[in-house]
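Residue numbers (this note's numbering): -9 to 925. Ideal Cβ placement from N, Cα and C applies to all residues, glycine included.
Dropping the structure here:
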């Protein structure tokens, strides 16, 4: 089968612009014709197409009841000819898009789902490939110790090795076959070199800046992390090194083969790295430190909770300025919701796991003097398009994202114990919500070899092991947890702005620089430009802000427990893939304990379920409040912190939220357990986790849960507007507390009530109609929410405090929102917003019981009639707001196109485009599992 190649320039995870249309159709045809002959050489790579295969495996205990899905498709590579065919005629390379349709169709098909229909919307995730379903069999580089079998339906690689080296070589080769360009892009992102490699479009500038600010690693730093893993993990550390070396060898073997055969990804030509005529130019080989650079990007995106302490300090000071110190602190704490008693919990049996709680008396706090805080510059000596308005905007957005505690959350899990299922075996529906890209950041694979037996998804370039998936008789998955492993220190300056006191000694900061320059290419026509990224690094981490504290000049730095430890988690993933290690929920938890990123891990086999929250949680002095900056002094440092290795004491495994065989587990980046505080704001009475919890709780109460019913619960929640289901009913109670006489408001209320009665979902009138049912009600709520929040809270809080709180937590995150951590067309919605604040305040005004109320009543100053007036006034304004204003349009959607504004786009990271699909709020990669037996 023809082999492929992949992606293009990341535009903050998005392509900068369409490929130039000066290539007329006739010219494209001529160019493609000239390029097709090298493609024929690809046949040699899959010459033994009809060879032997791994049939249905004897080591598979799922009984045909394991399924998975990962849109848009397994094939993330495209040759230059394939890119041009796609751009000109929309032709898709094999297996580039064949999982997008089934994934999209669940939105309209879940209501009639049965167990027999599950694999209409998912892939069969059984081990092996039936003999009549083999599309190709490859022995990479002519090796006799590994084969890569690809199935006909999805083209997923099934890697089987007789030696450990051969197995990992095959994994690297398959990864390069499916994601070479994407892997190359991300190793450059991790090194802060994206613009030089892929072009200087503003979004590329923003992306490299976002990561470089927090992880400015030198080559020596990257190597030191590899050395640390080997030195501290005995035989498993050495095995990880051997596996990584074999994996790298496989990647580089494919690079050499595709280069000589001229079937490498076409983006190398379009970005100027290769010449399509002479084949001049090089594709650099991968090296071990590239894997660490890749890991730093993924860990930063999805597994590094914390930060935001300076923003917290600014909002606290604003609250104290508005209300006085004592009352202002109470107001701040009520909005922070560190341990809200009404929050949805993953562990709901009453178990408590105190972490990040408020100390009785805070020590060492270093709150800035009013008006003194400035963000540390990252960009210097900018020229050309590195210094224009677009560049400035991208840099500002990158800074805000890098310094926020509102990390990319996403991902969900629904896991039900066998005591509540129809079969008596646990059922799980879970997966990570990693956004939607073309090609996808994740890739599917099956790996079978000595000490490895797994199928599932892995991040491209880190797929020496399956990271989320299934073993022989168990499956596992993760959601982002977000507990605080990042602290902010105020280092007192001495001598000048680039020296600081460390344990009483005036010490020079380290200056770390990365100089980047770019010029126009076919893929990115951005004019030439350049800049230098400069980070000043201390033993307490990189400098992020400057300020004064009590008149003293300080630099605020951020220290992350996983900094200089990006590679450590490889040991945990190695264990999860080892059938001789994971044999029970206890051994699963033990494996997860070796992952230092902040994740919630879930497990299911035929008898048990389990949960574990991972991450290196530093042990802080009992008086340190992790919410705010503290002085950089020995008394405030992590317990037994070693600044040379950035290691310290960490909370023991028993102190992490963990559980075995709870009746059910849900997670949608909600609070893990009682007294376990996450760094991001918004864990209150209304959270998108409630959409899962309410549905699964009902299923468990009724009993007889099946794969079908659990998928239905997930899919139903995925289409529901959180504000409509959990906040709108009380808003309407206030409005309807007396007769609505205004005709405009009355009509709006009727529309909203009709939508609410229908379920408050954002769904098409019929499959493929691209028009929402109850479209006007959806538009009204989208327009109303920001108006009502501002009118409800700003008068009482005051402009300064209201603005400060919106910097801590976004007001809204609708599917069409082009703000917030996910951007627009990203699927994931309703993670961050003020719905809990509105809910608590409105219930209080209605006289209802509220546990953990806000410190004051805000809507109408607590008066029901005044609150009602505010809601009706803002509702009338919203009702009169046109669709074209609510949904202003973008490069994909016309103004006023509601369905399109919500729709999910596979953001192009390469040259292949895909159609947009109707909105769903669900994992990108998802498994449905129910094991029938156990080893």
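| Check | Outcome |
| --- | --- |
| Where does residue 549 fall in DSSP's three states? | strand |
| Going by alpha carbons, who is nearest to residue 330 out of 672, 918, 382? | 672 |
| Does the region 112 to 124 touch the region 174 to 193, meaning 3 or more C-beta pairs lie closer than 8 Å? | no |
| What separation, rounded to the nearest whole angstrom, lies between the Cα atoms of residue 312 and residue 793? | 12 Å |
| Just to confirm the assignment: which complete beta strand (DSSP E) runs, minimum length 3, are found wholly within the region 344 to 426? | 369 to 374, 402 to 406, 417 to 421 |
| How is the alpha helix (DSSP H) around residue 157 delimited, first residue to last? | 154 to 180 |
| Note down, in chain order, each residue of its chain lying with its Cβ closer than 8 Å to the Cβ of residue 227, except the 5 sequence neighbours on either side. | 219, 220, 221, 561 |
| Given residue 556, which residues of its chain have a CB within under 7 Å of its CB, disregarding the five upstream and five downstream residues? | 215, 282, 285, 286, 289 |
| Mind checking who residue 433 pairs with in its DSSP beta bridge? | 448 |
| Please state whether DSSP places residue 528 in a helix, a strand or coil. | strand |
| So, using beta-carbon positions, are residue 342 and residue 663 closer together than 8 Å? | yes |
| Determine the direct distance from the alpha carbon of residue 145 to that of residue 919, and round the result to whole angstroms. | 21 Å |
| From residue 295 to residue 588, what does the alpha carbon distance come to, in whole angstroms? | 6 Å |
| Output the distance between the C-alpha atoms of residue 109 and residue 101, rounded to the nearest integer angstrom. | 15 Å |
| Between residue 537 and residue 367, what straight-line distance do the alpha-carbon atoms span, to the nearest angstrom? | 13 Å |
| State the start and end residues of the unbroken beta strand (DSSP E) segment that holds residue 128. | 124 to 128 |
| Measuring alpha carbon to alpha carbon, tell me which residue in 104, 115, 231 is nearest residue 47. | 115 |
| Is residue 24 helix, strand or coil when you go by DSSP? | Because residue 24 carries a pLDDT of 45, less than 50, the predicted location of this residue cannot be relied on, and no value is offered for it. |
| Using only the alpha-carbon positions, how far apart do residue 797 and residue 863 sit? | 26 Å |
| Roughly how far, in whole angstroms, is the beta-carbon of residue 439 from the beta-carbon of residue 150, given that I think they are within contact range, below 8 Å? | 7 Å |
| Kindly confirm or deny that the region 627 to 634 and the region 563 to 581 touch, where touching means at least three C-beta pairs closer than 8 Å. | no |
| Just list the alpha helix (DSSP H) runs in the region 749 to 834, keeping only unbroken ones of 4 residues or longer that don't cross its boundaries, in chain order. | 765 to 787, 789 to 798 |
| For the putative contact between residue 450 and residue 169, defined by C-beta atoms under 8 Å, what is the C-beta separation to the nearest angstrom? | 4 Å |
| Find the nearest neighbour of residue 256 within the set 293, 75, 277, 363, judged by alpha-carbon distance. | 75 |
| Counting pairs of beta carbons, one from the region 231 to 244 and one from the region 482 to 498, are three or more of them closer than 8 Å? | no |
| Which residue's Cα is closest to the Cα of residue 154: 917, 248, 455? | 455 |
| Taking residue 860 as part of the alpha helix (DSSP H), name the residues at either end of that continuous run. | 854 to 869 |
| Kindly indicate which three-state DSSP category residue 485 falls into: helix, strand or coil? | coil |
| Going by beta carbon distance, what residues of the same chain come within less than 6 Å of residue 411, once the five residues before and after it are set aside? | 417, 695 |
| Does the beta-carbon of residue 851 have 16 or more other beta-carbons within 10 angstroms, so that it is buried, or is it exposed? | exposed |
| In chain order, what residues of the same chain have a beta carbon less than 6 Å from the beta carbon of residue 61, not counting five sequence neighbours either side? | 89, 90, 93 |
| Are the beta-carbon atoms belonging to residue 915 and residue 422 less than 8 Å from one another? | yes |
| For residue 148, list the residues DSSP reports as bridge partners. | 139, 436 |
| If you run the structure through DSSP and keep just helix, strand and coil, what is residue 666? | strand |
| For residue 905, count neighbouring C-beta atoms within 10 Å of its own C-beta (all shown protein chains included) and say buried if the count is 16 or more, exposed if not. | exposed |
| Secondary structure at residue 917, three-state DSSP: helix, strand or coil? | strand |
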